[in-house]
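Asks: What follows is a structure written as structure tokens; I'll ask about it next.
In full-length UniProt numbering, the protein residues as written are 1 to 71.
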């Protein structure tokens, strides 16, 4: 789906509200592809997300989710 981020998220919200599953699936897959293979820092930059975790909290989360890391 080739739209800007704001429009993409509006489409996802609207398709969910209107129960248009195929459109919701395409929108969510588009976001998943935007995230795939990126580090947390790259994802934050892509979606303009502020990191409010302390370094200690980040390390704890990393340890708890170690199973999900690609090796």
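Cβ coordinates follow ideal geometry from the N, Cα and C atoms, glycine included. For clarity, every value in this text was computed on a predicted model and none was experimentally measured.
Measure the CB-CB distance between residue 26 and residue 1 and report whether it falls below 8 Å.
Replies: Looking up residue 26 in the chain shown gives position 26. Looking up residue 1 in the chain shown gives position 1. Yes. Within cutoff.
Asks: Looking at the structure shown, is residue 18 part of a helix, part of a strand, or coil, going by DSSP?
Replies: As a first step, residue 18 is located in the chain shown; it is residue number 18 there, counting from the start. Residue 18: coil per DSSP, three-state reduction.
Asks: Assign residue 34 to one of three DSSP states: helix, strand, or coil.
Replies: Against the chain shown, residue 34 aligns to sequence position 34. Three-state DSSP puts residue 34 in a helix.
Asks: Could you pull out every residue in the same chain whose Cβ sits closer than 7 Å to the Cβ of residue 24, ignoring the five residues on either side in sequence?
Replies: Indexing the chain shown from 1 puts residue 24 at position 24. Counting only Cβ-Cβ distances below 7 Å, and skipping sequence neighbours, we find 12, 15, 16.
Asks: Following the continuous alpha helix (DSSP H) through residue 60, name the residue where it begins and the one where it ends.
Replies: The residue given as residue 60 occupies position 60 in the chain shown. 55–64 is the extent of the alpha helix (DSSP H) around residue 60.
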